[in-house]
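In full-length UniProt numbering, the protein residues as written are 1 to 251. No residue lacks a Cβ here, since even glycine has one placed at the ideal position from N, Cα and C. Model, not experiment: these values are computed from the prediction. Here the structure is laid out as structure tokens; the discussion comes afterwards.
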Ligand SMILES: Nc1ncnc2c1ncn2[C@@H]1O[C@H](COP(=O)(O)OP(=O)(O)OP(=O)(O)O)[C@@H](O)[C@H]1O
Ligand SMILES: [Mg+2]
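Right, dumping it as structure tokens:
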């Protein structure tokens, strides 16, 4: 599904290289966890996948189902089914969450060659998905993310993901700021989306989330490279020992 080969990328403004020869393959149906120390490039990688123009790819390739996405703009990438849940979701004043969801869902349907949803059908889908995530109806009438608590923002991201049915989901620290119950609700939401034709990348600092969202593979990102890959046992090893050993071995 996703294949990243020898990716090098830098900050467009000042040319600092952040991603330095990164290789990563995530197969369809797979849940891959990415862990790694602060500042190693995890969020940058998710921004680059989304197509943000603050970053420049200088070398390497990103293939989605065998096709390069590097020349596609963010909207085109979204229409190919790439979905990002950001570490810091952006507030969109003046656009009710419901309205935002409707436009996003219909754009996605258009890209797939499907009819627009009728209003009753749309409302039914949103209500069902929101109920599963225990999101209050009143929240959906408010502007997207404006004044939402940290945990509410994360739930709103998962709601979008559930409704947009993406093929590649990237979740950046979706667990940060969630209370214990919300963590389970959000994890259940992610697990419910697991499917043979979808790949998910979960960026997290803590093994705790991976008790709820069981990853097929775990990768350690350090200084812009994947320096170790393994299965869920690797996350336990990191929780117990920290990164020092693995970084030492890679150096
Ligand atoms: N636009 C930018 N301008 C300046 N520095 C940047 C920019 N974007 C990223 N960086 C730097 O790139 C490095 C990687 O940042 P990134 O946010 O990807 O780390 P991360 O692995 O997500 O860390 P964390 O675990 O703290 O979320 C950091 O040193 C950061 O300061
Ligand atoms: Mg980050």
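Buried or exposed for residue 222, going by 16 or more other Cβ atoms inside 10 Å? Taking the chain shown and counting its residues from 1, one reaches residue 222 at position 222. With a 10 Å radius around the Cβ and a threshold of 16 neighbouring Cβ atoms, residue 222 comes out buried.
Excluding five sequence neighbours on each side, which residues of the same chain lie with their C-beta closer than 7 Å to the C-beta of residue 36? Position 36 of the chain shown, counted from the first residue, corresponds to residue 36. Hits under 7 Å: 42, 220, 221, 222.
Residue 42 Cβ short of 7 Å to ligand 2 heavy atom set: Locating residue 42 in the chain shown gives position 42, where the first residue counts as 1. Yes, the beta carbon of residue 42 sits closer than 7 Å to at least one heavy atom of ligand 2.
Whole-angstrom C-beta distance between residue 96 and residue 141, which should lie under 8 Å: Numbered from 1 along the chain shown, position 141 holds the residue referred to as residue 141. Numbered from 1 along the chain shown, position 96 holds the residue referred to as residue 96. In this structure residue 141 is in contact with residue 96, their Cβ atoms being roughly 6 Å apart against a cut-off of 8 Å.
Residue 51 beta carbon less than 8 Å from that of residue 74: Numbered from 1 along the chain shown, position 74 holds the residue referred to as residue 74. Numbered from 1 along the chain shown, position 51 holds the residue referred to as residue 51. Yes, the Cβ-Cβ distance between residue 74 and residue 51 is below 8 Å.
Under the three-state reduction of DSSP, which class applies to residue 83: helix, strand or coil? Mapped onto the chain shown, residue 83 falls at position 83. Residue 83 falls in the strand class under three-state DSSP.
At a cut-off of 7 Å, would you count residue 18 as near ligand 1, judging by its Cβ distance to the nearest heavy atom? For this step, residue 18 is matched to residue 18 along the chain shown. Using a cutoff of 7 Å, the CB of residue 18 counts as near ligand 1, since one of the ligand's heavy atoms is closer than that.
What would DSSP say about residue 248, mapped onto helix, strand or coil? In the chain shown, the residue the question calls residue 248 occupies position 248. Residue 248 sits in a helix when the DSSP states are folded into three classes.
Counting only the same chain and skipping the five closest in sequence on each side, list residues whose C-beta sits under 8 Å from that of residue 92. Position 92 of the chain shown, counted from the start, is the residue given in the question as residue 92. Answer for residue 92: 100, 143, 144, 145, 146, listed in chain order.
Using the rule of at least 16 other Cβ atoms within 10 Å of the residue's Cβ for burial, across every protein chain shown, is residue 180 buried or exposed? What you label residue 180 is simply residue 180 of the chain shown in a count that begins at 1. Taking all protein chains in view, the Cβ of residue 180 is surrounded by fewer than 16 other Cβ atoms within 10 Å, so the residue is classified as exposed.
I'd like the list of long-range same chain contacts for residue 207, defined as Cβ closer than 8 Å, with 5 residues on each side in sequence excluded. Start at 1 with the first residue of the chain shown, and residue 207 comes out as number 207. Here the set comprises 235, 236, 238, 239.
Looking at residue 201 and residue 170, is the spacing between their C-beta atoms short of 8 Å? Here the question's residue 170 lines up with position 170 in the chain shown. Here the question's residue 201 lines up with position 201 in the chain shown. Closer than 8 Å, so yes.
Within a Cβ cutoff of 8 Å, which residues of the same chain sit near residue 13, ignoring the five residues on either side of it in sequence? Along the chain shown, read from residue 1 onward, the residue named residue 13 stands at position 13. 54.
Do residue 203 and residue 34 count as a contact pair if the criterion is CB distance below 8 Å? By 1-based counting over the chain shown, the position of residue 34 is 34. By 1-based counting over the chain shown, the position of residue 203 is 203. The criterion of a C-beta distance shorter than 8 Å is satisfied by residue 34 and residue 203.
Outcome for residue 197 when other beta-carbon atoms lying within 10 angstroms are tallied against a minimum of 16: Indexing the chain shown from 1 puts residue 197 at position 197. Counting the other Cβ atoms within 10 Å of the Cβ of residue 197 gives fewer than 16, which makes it exposed.
With distances taken from CA atoms, which of 7, 26, 9, 17 is nearest residue 216? What you label residue 216 is simply residue 216 of the chain shown in a count that begins at 1. Selected option, being the one with the closest Cα: 26.
Identify every residue that forms a DSSP beta bridge with residue 229. Translated into the one-based positions of the chain shown, residue 229 becomes position 229. Under the DSSP definition of a beta bridge, residue 229 partners with 219.
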